[in-house]
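I have placed the structure first, in the form of structure tokens, so that the comments after it can refer back to it.
There are 2 protein chains.
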Amino acid sequence: MASIREVAKAAGVSVGSISRYLNGQQLKAANMQKIKRAIDDLGYQENIIAKGLKNNQSFAVGLLMNNLASRLSMDIVSSIEAVMEQAGYSILLSGFQGSSTLAANKVDYLLSHAVDGLILFEADQNWPGMARLADVQVPVISLNSPNGLANVDSILVDDRGSVRRLVQHLIAQGHRRIGVLAAPQTDYTAHERLTGVREAVRSHPHVEATVYYGDYSRPSGFEGAQKLIDDHVDALFVCNFNMALGALEYCNRAGIRIDQDLAFSHFDYLDEMSSLISNRLVIQQPAKEIGKMCAERLLSRINHQSENVGATFVFDNLIVGLGDDPHAETQPTIVTP
Amino acid sequence: MASIREVAKAAGVSVGSISRYLNGQQLKAANMQKIKRAIDDLGYQENIIAKGLKNNQSFAVGLLMNNLASRLSMDIVSSIEAVMEQAGYSILLSGFQGSSTLAANKVDYLLSHAVDGLILFEADQNWPGMARLADVQVPVISLNSPNGLANVDSILVDDRGSVRRLVQHLIAQGHRRIGVLAAPQTDYTAHERLTGVREAVRSHPHVEATVYYGDYSRPSGFEGAQKLIDDHVDALFVCNFNMALGALEYCNRAGIRIDQDLAFSHFDYLDEMSSLISNRLVIQQPAKEIGKMCAERLLSRINHQSENVGATFVFDNLIVGLGDDPHAETQPTIVTP
DNA sequence: CTGAAAGCGCTTACAG
DNA sequence: CTGAAAGCGCTTACAG
């Protein structure tokens, strides 16, 4: 790796001139020629790291994801990457797999890599070690988990409202015994979703919601579906894609026909199964839009062009099967701090 | 961000002592106490970037993926991340979405970020700009695409062999008209898979393979299945998961029963659909194993502990439905350069 | 054991 | 327009 100094020697000018050339300043034409030659000859490549040390910026942002191996994470990561790379930033990627300890460590880790900004996906503000985010000098955005710190923006999806709407629809269709496959209530999102169910059912005394708590795994979806169906529910709402797969597997094995024997509704990724089962209600998160907005917001904060630092942005889900327009513009509601 | 210098001042020692303390050297007990206090008081956090500038290492590796939004990519990324993070490295993630130009740019970009190693996923060695990899000072590993450069290791999967075995099985079952939904032959992997079909069919003059070329998209799978089935194939092999979903969708719409009317086989991700369709042959790539091995190999090369630099490692796929043991240890075959 | 100094690759006032 | 020098946060021979 040739350095700026070697280029300077080869071109017969000072290192300052090389730096200026590299940064687009005008030099004497003859010098520019010589420098260009030297750069080509030596195969010089700038060292963004060194540059960043001086400029106090690294052109990298930290992206800390709850579960790198999930479908949703993938969509989020790829949409964020697309925007950041356009802007000349790279992504420092980490996962914390649901462990709050790991999450805190990784925050430190990313910060020690001098990132210019930080995105947290599903990291709870109450976890030990998260309070230190208040002291972080770079912009921080919390995705899918609300964060009240003054320097942290939150980008959320109105899962509660979507679930409420979905369950209200089930009730309007005449369902009275609704089985719910819920995720561990320690997670913000899981709690919101179940709350949505409760809110929908509250005003209907004749409707009963039976809840089975799974653990995001497919077998727990299978088992939960079995339990709930044995319990004679006439509609099933599954809070998570993976568990929905398990539940479908059970229905399939048990010969239960979706829609005819049982109303079936769930979160996320209708798409992969659309060929195989129709007549479901599916809540789809605007993953791409969220990722895009998150990246753009981070960039604008990095460039000090943001208003309402600390604001919360709430997106709506799309419910497939309720006549929502899949091509509608998704605009978040903004709650300023 | 407090620097080492500020800590030194607060502790009343020299910066050298702080550095030594941070790196685990023994100092006079009293000094260690003072330093510890100063660090805690100031909330000092080391700057890995600056450290790396001096040490000529960044503790970051570049990961350049073909298509960040694919299921396979996700599995690869998350398994690589898990290993690298354990070793104290972070991942600089980029995607090139099938564009060879983008790929070349991103290689430059990652290198200018002074990565300690580079992993390329599905990047063809013949693309313009890829030859420069020969001059790269850090270890490089090419995943899912062979690379003959002396400093690049290749990690591959024997797709050709797996497809051959699968098609031979179809033939042994009595199928004579085999429809193949292939991907664009510009990709190494796509070509290998189709070659596997050809090799299997070659020695069976009475067997005919009809090929439809899709574009990885679901609609192209749908259309291809339609065309091939209209053409009276009695078995279908789909080279790609996404196209398989499209093909299944067609079968579903057209009332074609898998296994009874048509043998159905495809690449990747049996899992997601296992509840819904049985009796398929599915080729499953050992994504997790590949990712793990790739990360471990890169680490060992970074630490100069590798033998056979430039070697090629070939993994086997698992074919579900042929009695392969899903829990068998997957060990690659090594081809030394 | 520890301080002073040089240096990693770069940028940028400051003079000229 | 351009060179010499200081400095970003760190490490590490070199003396002591």
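Quick mapping for you: the protein sequence lines, in order, are chains A and B.
Quick note: the first sequence uses the UniProt record's numbering, first residue 1, plus one each step.
Quick note: the second sequence uses the UniProt record's numbering, first residue 1, plus one each step.
Even glycine gets a Cβ: it sits at the ideal position worked out from N, Cα and C.
These numbers were taken from a predicted model, which means no experiment stands behind them.
Under 9 Å from the C-beta of residue i: neighbouring residues of chain A
| i | result |
| --- | --- |
| Gln45 of chain B | Asp108, Leu111, Ser112 |
| Leu92 of chain B | Ala60, Ser90, Ile91, Leu92, Leu93 |
| Ile48 of chain B | Tyr109, Ser112, His113, Ala114 |
Cβ neighbours of residue i in the same chain (closer than 6 Å, five flanking residues each side left out)
| i | result |
| --- | --- |
| Gly117 of chain B | Val61, Val138, Pro139, Leu298, Ile302 |
| Leu149 of chain A | Leu133, Ala134 |
| Asp316 of chain A | Asp158 |
| Val314 of chain A | Leu156, Asp158, Pro332, Thr333 |
| Gly310 of chain A | Ala150, Pro337 |
| Gln57 of chain B | Asp116 |
| Val13 of chain B | Asn31 |
Residue i burial status per 10 Å Cβ neighbour count (16 or more: buried)
| i | result |
| --- | --- |
| Lys54 of chain A | exposed |
| Gln285 of chain A | buried |
| Ile80 of chain B | buried |
| Ala263 of chain A | buried |
| residue 390 of chain A | Here chain A covers residues 1 to 337 and nothing more, so residue 390 of chain A does not appear. |
| Gly179 of chain A | buried |
| Gly214 of chain A | buried |
| Asn66 of chain A | buried |
| Gly323 of chain B | exposed |
| Ser142 of chain B | buried |
| Ile334 of chain B | exposed |
| Glu208 of chain A | exposed |
| Glu329 of chain B | exposed |
| Lys36 of chain A | exposed |
| Arg280 of chain A | buried |
| Thr189 of chain B | buried |
| Arg202 of chain A | exposed |
Test: residue i CB closer than 8 Å to a CB of chain B
| i | result |
| --- | --- |
| Glu329 of chain A | no |
| Gln137 of chain A | yes |
| Glu81 of chain A | yes |
| Ser19 of chain A | no |
| Ser78 of chain A | yes |
Partners in chain B for residue i, counting only beta-carbon separations shorter than 8 Å
| i | result |
| --- | --- |
| Asp75 of chain A | Ala69 |
Own chain partners of residue i with C-beta closer than 8 Å, once the 5 adjacent residues on each side are dropped
| i | result |
| --- | --- |
| Arg193 of chain B | Asp159, Arg160, Val163, Ala182, Ala183, Cys239, Phe267 |
| Asp75 of chain A | Ala287, Lys288, Gly291 |
| Arg71 of chain A | Phe241, Asp268, Tyr269 |
Close beta carbons around residue i, own chain, < 7 Å, minus the five adjacent residues each side
| i | result |
| --- | --- |
| Asn147 of chain B | Gln125, Ser154 |
| Glu6 of chain B | Leu42 |
| His175 of chain A | Asp234, Ala235, Ala263 |
| Leu110 of chain A | Gly62, Leu64, Leu92, Ser94, Leu118 |
| Ser19 of chain B | Ile4 |
| Thr195 of chain A | Arg160 |
| Gln168 of chain A | Ala200 |
| Gln221 of chain B | The sequence given here has Gly at residue 221 of chain B, not Gln. For Gly221 of chain B, where only same-chain residues beyond five positions count, the Cβ hits under 7 Å are Leu181, Gly214, Val238, Asn242, Met243, Ala244, Leu245, Gly246, Ala247. |
Residue-level contact to chain A via CB, residue i, 8 Å cutoff
| i | result |
| --- | --- |
| Ala60 of chain B | yes |
Interface partners of residue i on chain B, CB under 7 Å
| i | result |
| --- | --- |
| Leu53 of chain A | Ile49, Ala50, Leu53 |
Listed by chain order, chain A residues near residue i by CB distance under 7 Å
| i | result |
| --- | --- |
| Ala85 of chain B | The identity of residue 85 of chain B in the sequence shown is Glu, whereas the question assumes Ala. By Cβ distance, chain A contributes Ser94. |
| Met1 of chain B | Gln137 |
The ligand ZN heavy atom lying under 7 Å from the CB of residue i
| i | result |
| --- | --- |
| Leu120 of chain A | In terms of ligand content, the structure shown is empty, and the ligand ZN therefore cannot be addressed. |
- Message: Measuring CB atoms only, is the region 115-132 of chain A touching the region 80-97 of chain A, in the sense that at least three cross pairs come out at less than 8 Å?
- Response: Counting Cβ pairs under 8 Å, three or more are found: they touch.
- Decide if the region 39-56 of chain A is in contact with the region 46-53 of chain B; the criterion is three or more beta carbon pairs, one per stretch, under 8 Å apart. Contact between the region 39-56 of chain A and the region 46-53 of chain B is present, with at least three C-beta pairs closer than 8 Å.
- Query: Would you say the region 36-46 of chain B touches the region 21-39 of chain A, given that touching needs at least three Cβ pairs under 8 Å?
  - Reply: No, the region 36-46 of chain B is not in contact with the region 21-39 of chain A.
- Item | Any 3 or more C-beta pairs closer than 8 Å across the region 249-264 of chain A and the region 227-241 of chain A | Note that the region 249-264 of chain A touches the region 227-241 of chain A; at least 3 beta-carbon pairs, one per stretch, sit closer than 8 Å.
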